[in-house]
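S.K.: This is the structure I want to talk about, given as structure tokens.
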Amino acid sequence: QSFVTYVPVLALIAVPFGLVMIQPDLGTSFMLLVGGLAVVFAAGLPRRYVFSALIAGVAALPVLWSQLYSYQKARILTFLNPESDLLGAGYQIAQSKIALGSGGLFGKGFLMGSQSQLNYLPEKQTDFVFTMIGEEFGFVGNLAVLFTYFVILASCLMIAVRCRNRFGQLLCTGISVMLFLYVFVNIGMVTGLLPVVGAPLPLISYGGTAMLTVFIGLGLVVNIALHQHLQDNDLL
Numbered sequence: 037q038s039f040v041t042y043v044p045v046l047a048l049i050a051v052p053f054g055l056v057m058i059q060p061d062l063g064t065s066f067m068l069l070v071g072g073l074a075v076v077f078a079a080g081l082p083r084r085y086v087f088s089a090l091i092a093g094v095a096a097l098p099v100l101w102s103q104l105y106s107y108q109k110a111r112i113l114t115f116l117n118p119e120s121d122l123l124g125a126g127y128q129i130a131q132s133k134i135a136l137g138s139g140g141l142f143g144k145g146f147l148m149g150s151q152s153q154l155n156y157l158p159e160k161q162t163d164f165v166f167t168m169i170g171e172e173f174g175f176v177g178n179l180a181v182l183f184t185y186f187v188i189l190a191s192c193l194m195i196a197v198r199c200r201n202r203f204g205q206l207l208c209t210g211i212s213v214m215l216f217l218y219v220f221v222n223i224g225m226v227t228g229l230l231p232v233v234g235a236p237l238p239l240i241s242y243g244g245t246a247m248l249t250v251f252i253g254l255g256l257v258v259n260i261a262l263h264q265h266l267q268d269n270d271l272l
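All you need for my numbering is the position in the sequence shown, starting with 1, plus 36.
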């Protein structure tokens, strides 16, 4: 298929991506972009277009860097060298690492975390809730959270594979990819493997809009599971 075939779909992805970028919210916009492109790739986008897009993206990095706000550049530079500003831009991630490390294997106990309960760790109820779980329930608690996400994502992907209609497959794939991206980015962020961005941990972080969005997505997956035996024509 020619590239023109995918232009309308790519335009639908570009609109929310551009609007979120304007806010500005770099993290969410790129997760929307990756999630949308993953669905297009699952729908049959040739690999040559994917590789071309990656090459173009890498080539555009200097231009993108020049357009970033100062605080966005500070987050990226802090990610590359966290110890450069421990009392400023690197404070949050430094406290997160201290909290995770001090939790040990089984944690300090419910509401007994020093970094989280004494307010050394900012935003512990939202973006850094995984850190608080690690401090209070330890490595075992973090593993339990990861295993729960694994079960949810595996179930969504199994439903996508077994679904007999194309729309249901792609919808399940898109929801699974977005859920995975938020989990991956959030945990990577609080452990210092990724720059700090505003990415909540699905189903756990405090926030009505994010929670409602995840519930709607999982509700759609459950509905697809109930009707996965239907063909495309049966849905019309």
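In this text, a Cβ means the ideal position worked out from N, Cα and C, and glycines have one as well.
Helix, strand or coil: which one does DSSP assign to L215?
M.R.: Looking at L215 - three-state DSSP - the assignment turns out to be helix.
S.K.: Confirm, please, whether the CB-CB distance from F166 to N28 is below 8 angstroms.
M.R.: Missing from the structure shown is residue 28; the chain here goes from 37 to 272 and no further.
S.K.: Classify S152: buried if its beta carbon has 16 or more other beta carbons within 10 angstroms, exposed otherwise.
M.R.: S152 comes out buried.
S.K.: The alpha helix (DSSP H) with L239 in it runs from where to where?
M.R.: Counting along the chain, L239 falls outside any alpha helix (DSSP H), and DSSP gives it neither H nor E.
S.K.: Using C-beta distances below 7 angstroms, list every residue in its chain close to V45, excluding the 5 sequence neighbours before and after it, in chain order.
M.R.: So the list reads V76, once near-sequence residues are dropped.
S.K.: Is the stretch 89-104 touching the stretch 134-148, taking contact as three or more C-beta pairs under 8 angstroms?
M.R.: Segments in contact, no.
S.K.: Output needed for V258: all residues of its chain with C-beta closer than 8 angstroms, excluding positions within five of it in sequence on either side, in chain order.
M.R.: Result list for V258: empty, nothing under 8 angstroms.
S.K.: Using a 10 Å radius around the Cβ and a threshold of 16 neighbouring Cβ atoms, would you call E119 buried or exposed?
M.R.: So E119 ends up on the exposed side.
S.K.: What does the Cβ neighbour count give for P98, buried or exposed, with the cut at 16 atoms within 10 Å?
M.R.: Burial call: exposed.
S.K.: I need the boundaries of the alpha helix (DSSP H) containing Q128, first residue and last residue.
M.R.: Unbroken alpha helix (DSSP H) run through Q128: 127-139.
S.K.: What do you reckon, are the CB atoms on G54 and V221 nearer than 8 angstroms?
M.R.: Against a cut-off of 8 angstroms, the Cβ pair of V221 and G54 comes out as no contact.
S.K.: If you draw a straight line from the alpha carbon of V56 to that of L69, how long is it in whole angstroms?
M.R.: Computed Cα separation, rounded: 10 angstroms.
S.K.: Does the separation of the CB atoms of I49 and G72 fall below 8 angstroms?
M.R.: Yes, the Cβ-Cβ distance between I49 and G72 is below 8 angstroms.
S.K.: Taking the alpha carbon of P52 as the point to measure from, which residue in F39, F66, Y85 has its own alpha carbon closest?
M.R.: Looking at the Cα atoms, F66 is the closest of the given residues.
S.K.: Would you give the residue range spanned by the alpha helix (DSSP H) that G124 belongs to?
M.R.: Looking at the DSSP string, G124 is not in any alpha helix (DSSP H), and its letter there is neither H nor E.
S.K.: Going by Cα to Cα distance, which pick from F146, A261, F183, A180 is closest to M168?
M.R.: When only C-alpha atoms are compared, the closest one is F146.
S.K.: Please report the distance separating the alpha-carbon of A74 from that of F216.
M.R.: Those two C-alpha atoms are separated by around 12 angstroms.
S.K.: Under 7 angstroms Cβ to Cβ from I260, same chain only, skipping five residues before and after it: list those, please.
M.R.: I195, C199, G204, L207, C208.
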